[in-house]
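Those sequence lines, one after another, are chains X and A.
Here the first sequence stands for residues 1 to 342, numbered as in the UniProt record's numbering.
Here the second sequence stands for residues 1 to 342, numbered as in the UniProt record's numbering.
Glycine included, each C-beta is placed from N, C-alpha and C at the ideal position.
All values reported here derive from a predicted model rather than from experimental measurement.
Remarks on the structure that follows.
Protein chains: 2
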Amino acid sequence: MTSTRATLQQVAERAGVSLASTSRALHGTGASKAMVERVRAAAAELGYSPDAVGRSLRMKKTFQIAFAVADIGNPVYVEMMRAIHGVLAPHGYRVVVMTTGDTTGSTADLVRSLNSGFVDGMVISPLRTDDRLIQEIQQAAVPVVVIGRALGDHGISSVSTDSAGGIGAAVRHLHAIGRRRVGFLNGPLDTTPGEARQRGFDAAVRAEGFAAERIEVEIAGDFTVAAGLEAARRLFARAPDGAGQLDAVVAANDLLAIGVIHAARELGLSVPQDVAVTGMDDIEIGRVFHPSLTSVSLGSTERGRAAAQLMLRLTEDPGQQAQQVAVGPALIVRKSTDGGAR
Amino acid sequence: MTSTRATLQQVAERAGVSLASTSRALHGTGASKAMVERVRAAAAELGYSPDAVGRSLRMKKTFQIAFAVADIGNPVYVEMMRAIHGVLAPHGYRVVVMTTGDTTGSTADLVRSLNSGFVDGMVISPLRTDDRLIQEIQQAAVPVVVIGRALGDHGISSVSTDSAGGIGAAVRHLHAIGRRRVGFLNGPLDTTPGEARQRGFDAAVRAEGFAAERIEVEIAGDFTVAAGLEAARRLFARAPDGAGQLDAVVAANDLLAIGVIHAARELGLSVPQDVAVTGMDDIEIGRVFHPSLTSVSLGSTERGRAAAQLMLRLTEDPGQQAQQVAVGPALIVRKSTDGGAR
DNA sequence: CGTTCGGCTGGAATCGTTTCCAAAAGTGTG
DNA sequence: CACACTTTTGGAAACGATTCCAGCCGAACG
Numbered sequence: 001m002t003s004t005r006a007t008l009q010q011v012a013e014r015a016g017v018s019l020a021s022t023s024r025a026l027h028g029t030g031a032s033k034a035m036v037e038r039v040r041a042a043a044a045e046l047g048y049s050p051d052a053v054g055r056s057l058r059m060k061k062t063f064q065i066a067f068a069v070a071d072i073g074n075p076v077y078v079e080m081m082r083a084i085h086g087v088l089a090p091h092g093y094r095v096v097v098m099t100t101g102d103t104t105g106s107t108a109d110l111v112r113s114l115n116s117g118f119v120d121g122m123v124i125s126p127l128r129t130d131d132r133l134i135q136e137i138q139q140a141a142v143p144v145v146v147i148g149r150a151l152g153d154h155g156i157s158s159v160s161t162d163s164a165g166g167i168g169a170a171v172r173h174l175h176a177i178g179r180r181r182v183g184f185l186n187g188p189l190d191t192t193p194g195e196a197r198q199r200g201f202d203a204a205v206r207a208e209g210f211a212a213e214r215i216e217v218e219i220a221g222d223f224t225v226a227a228g229l230e231a232a233r234r235l236f237a238r239a240p241d242g243a244g245q246l247d248a249v250v251a252a253n254d255l256l257a258i259g260v261i262h263a264a265r266e267l268g269l270s271v272p273q274d275v276a277v278t279g280m281d282d283i284e285i286g287r288v289f290h291p292s293l294t295s296v297s298l299g300s301t302e303r304g305r306a307a308a309q310l311m312l313r314l315t316e317d318p319g320q321q322a323q324q325v326a327v328g329p330a331l332i333v334r335k336s337t338d339g340g341a342r
Numbered sequence: 001m002t003s004t005r006a007t008l009q010q011v012a013e014r015a016g017v018s019l020a021s022t023s024r025a026l027h028g029t030g031a032s033k034a035m036v037e038r039v040r041a042a043a044a045e046l047g048y049s050p051d052a053v054g055r056s057l058r059m060k061k062t063f064q065i066a067f068a069v070a071d072i073g074n075p076v077y078v079e080m081m082r083a084i085h086g087v088l089a090p091h092g093y094r095v096v097v098m099t100t101g102d103t104t105g106s107t108a109d110l111v112r113s114l115n116s117g118f119v120d121g122m123v124i125s126p127l128r129t130d131d132r133l134i135q136e137i138q139q140a141a142v143p144v145v146v147i148g149r150a151l152g153d154h155g156i157s158s159v160s161t162d163s164a165g166g167i168g169a170a171v172r173h174l175h176a177i178g179r180r181r182v183g184f185l186n187g188p189l190d191t192t193p194g195e196a197r198q199r200g201f202d203a204a205v206r207a208e209g210f211a212a213e214r215i216e217v218e219i220a221g222d223f224t225v226a227a228g229l230e231a232a233r234r235l236f237a238r239a240p241d242g243a244g245q246l247d248a249v250v251a252a253n254d255l256l257a258i259g260v261i262h263a264a265r266e267l268g269l270s271v272p273q274d275v276a277v278t279g280m281d282d283i284e285i286g287r288v289f290h291p292s293l294t295s296v297s298l299g300s301t302e303r304g305r306a307a308a309q310l311m312l313r314l315t316e317d318p319g320q321q322a323q324q325v326a327v328g329p330a331l332i333v334r335k336s337t338d339g340g341a342r
């Protein structure tokens, strides 16, 4: 542990010049060749490095961006974080990770805490979005970018995706490979993704040309593997009402899908032969899972990157208008639905 | 976007009292009942919330702790981060995530950057530890806690585990279930975990009472699934030199183990019947993987928590001596080795 | 040679907070 | 009523940096 860090004042004294000149010399703005050299030398001797806090106070800029999510355990958020970090770090920003509980109230509180000015902006991916949260975002002292729901109507910058359409693609895929008894395992309906995916599913199965022998819907407590396993057991346990056992399950995300596959195995059902399973989010582990997981990619990396770029623009020019970015879904077929014709 | 945030000065004027009194009133220290009430009211009317930067400058404390890892994509680090966050957040600390590349040089640079004083401390889990890094840590301006290697000799606080012993437990387990042709898939040997695990493996197979027909070692490029898959292919491809095909593989971590299982499947080998596989770290996905993964837990959560608690102690009393914590490994047997007698 | 202009430099203000110190106000006792 | 003593209050000084502003100097030009 060194005695104490060197301050600009000390560098100035050592170089025998004024504080102002020292600052300028180190920034290379409007200082003579000789001055720069002299100050650089003094700074090097003292091992000076500028204090981030002092600089932040004066410049009214912290070079920190917050990334807030309900649960950092979800690989989707980790992917987003990597992407965000990848965009921001080269511009000199640090990323502060914040975990909101999954209640909308605590999320709103978190947004409110932005008023204490410890970051220059916040990227947030809330599970639920209510009026209070929207209002807090609108009143926030720093730019906020939302990943999830499109909030352009409220003058909020957001990066959205068409998860409803994505679920539709999954449903059509299953139909195309001949599955007719399809279950849908969704997460809580009062969440943004839960609501959208339900809408997508309902629309798809009601669409023209969709022939079904059986449709079942089950809701998991949250978007985790454990909740998915539990809910999937219930789903499979439903007594076939005349029609046969389900031959396909659409899961609202990959973690739930993994739970579904687990539950299927418990019952001796093989995937994809007996039951085809689709997930959503295209998390990395799905690719190496057995069977590898058919999934609808919502471009987590792309969304994270887009959000970070939006943020960059907003922090550099705070007068900027709110902007919207939409990332399209893409179905990626793998083994969990690719059993050929039965 | 509100016009501009209220400052303490403005609250003071509104309440008609001095700046000093205002500050005291809001902290509840040495202010009269009436004063507190008056100031509170003014603050509420203005929607005042204290500026984190101003406060940091004055108090020489940022209430931020950095967590630095090579790659946040590894679930182990995510688990640690959750644990660290869980300990620190209740004490009012924010967690800043930093990604070092996996080179030791950039890690040292990161530690050096602590001199700019944007955090009160740093928890770091470096893949490699060389002299320069150790030196930077020793000279760092704020407390540093290392998760990984025990560095008590260098006067550095660290949380370590016995991964060598953990590998030993895995090897003994495989031996106990009758496997005699065992492969070891390790990560780079110049990393801290790579070196320790190699040592553990070598010691275990040389131990008294260990009977082997065949031993093979292969090194993956890094600790990821992709690298594991590739290296595992090489491992399995080695021509059996008289002895039969491998019937067990010890992987240096769970991601590599997943790669091994994948490679085995490609060859039509079934796990665990043909090849038993063990991993290390006990990541969450291993529990729901198929087959579920036998793994040596190194207590990621526990280590993260311990590191955070150490950090807490160090920041609150900087004169504190460096401390060491060791977390023991624990073998958790699941299906990937539990095929019964063949 | 005097003037103007441009580039460098140093003094001082500023960002928002906490806290030291001295002064003022209140309290109780002799 | 004076005194000692304890709260309570306000002024001012930090913390470490950037930047406005005015002054200084030398060069160029008429």
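When secondary structure is reduced to three states using DSSP, X/Leu-293 falls in the coil class, being assigned neither helix nor strand.
For A/Pro-90, not one C-beta of chain X is nearer than 8 Å to its own C-beta. In its chain, beyond the 5 residues on either side, Thr-104, Thr-107, Ala-108, Val-111 and Pro-126 have a beta carbon closer than 8 Å to the beta carbon of A/Leu-133. Rounded to whole angstroms, the gap between the alpha carbons of A/Pro-291 and A/Gln-273 is 11 Å. Gly-47, Ser-49, Pro-50, Asp-51, Ala-52, Val-53, Gly-54, Ser-56 and Leu-57: these are the residues of the UniProt domain "HTH lacI-type" (6–59) of chain A whose beta carbon lies less than 8 Å from some beta carbon of chain X, given in chain order. A/Thr-337 sits in coil when the DSSP states are folded into three classes, being neither helix nor strand. The beta carbon of A/Asn-115 falls within 8 Å of a beta carbon belonging to chain X, placing the residue at that interface. Nearest C-alpha to X/Val-327 among X/Gln-309, X/Ser-300 and X/Met-80: X/Ser-300. As summarised for the stretch 145–209 of chain X, the continuous alpha helix (DSSP H) elements at least 4 residues long and confined to that stretch are 163–176 and 192–206, given in chain order. Look at the stretch 242–323 of chain X and you find these whole runs of beta strand (DSSP E), each 3 residues long or longer: 248–251, 276–280 and 294–297.
The shortest C-alpha to C-alpha distance from X/Ala-227 to any of X/Gln-198, X/Gly-259 and X/Met-311 is the one to X/Gly-259. By alpha-carbon distance to X/Ile-332, the top candidate from X/Tyr-48, X/Gln-323 and X/Ser-295 is X/Ser-295.
The beta carbon of X/Ala-322 is closer than 6 Å to those of Gly-155, Ile-156 and Ser-157 in its chain, skipping five residues each way along the sequence.
According to DSSP, A/Phe-67 shares a beta bridge with A/Val-97 and A/Val-123. Straight through space, the alpha carbons of A/Ala-211 and A/Arg-180 are spaced by roughly 7 Å. Counted as a single uninterrupted DSSP element, the beta strand (DSSP E) harbouring A/Leu-331 occupies residues 330–332.
Beyond the five residues adjoining it in sequence on each side, A/His-175 comes within less than 7 Å, by CB distance, of Phe-210 in the same chain, given in chain order. Pairing X/Ile-219 with X/Leu-189 gives a Cβ-Cβ distance under 8 Å. For X/Met-280, there are no neighbours in chain A by C-beta distance under 8 Å, as the nearest C-beta there is about 17 Å away.
In the three-state scheme derived from DSSP, where H, G and I count as helix and E and B as strand, A/Ile-215 is classed as strand.
For A/Tyr-77, the uninterrupted alpha helix (DSSP H) segment begins and ends at 75–88. X/Asp-281 counts as buried, since at least 16 other C-beta atoms from the protein chains shown sit within 10 angstroms of its C-beta.
By alpha-carbon distance to X/Gly-200, the top candidate from X/Glu-216, X/Ile-167 and X/Thr-191 is X/Ile-167. Of the residues assessed, A/Glu-284 falls on the buried side of the cut-off, its CB having 16 or more other CB atoms within 10 angstroms. Among the CB atoms of chain A, none fall inside 8 Å of the CB of X/Ile-84. Short of 6 Å from the beta carbon of A/Ala-170, and not among the five residues preceding or following it, lie these beta carbons of its own chain, in chain order: Val-250, Thr-278 and Val-296. Against chain A, a Cβ distance below 7 Å from X/Thr-99 picks out His-85. In the three-state DSSP reduction, X/Ala-326 falls in the strand class (E or B).
Within chain A, the C-beta atoms nearer than 7 Å to that of X/His-262 come from Val-288, in chain order. The C-alpha of A/Ala-164 is placed about 48 Å away from the C-alpha of X/Leu-8.
Chain-order list of chain A residues neighbouring X/Arg-265: His-290, by C-beta distance under 9 Å. By the criterion of a C-beta distance shorter than 7 Å, A/Gly-92 is surrounded in its chain by Phe-63, once the five residues flanking it on both sides are discounted. Distance between A/Val-145 and A/Glu-195, taken at the CA atoms: about 21 Å. X/Val-225 has a beta carbon lying within less than 8 Å of a beta carbon in chain A. The beta carbon of X/Ala-31 is closer than 7 Å to those of Ser-21, Arg-24 and Ala-25 in its chain, skipping five residues each way along the sequence. Inter-segment contact for the stretch 34–48 of chain A and the stretch 59–75 of chain A is absent: fewer than three beta-carbon pairs are separated by less than 8 Å.
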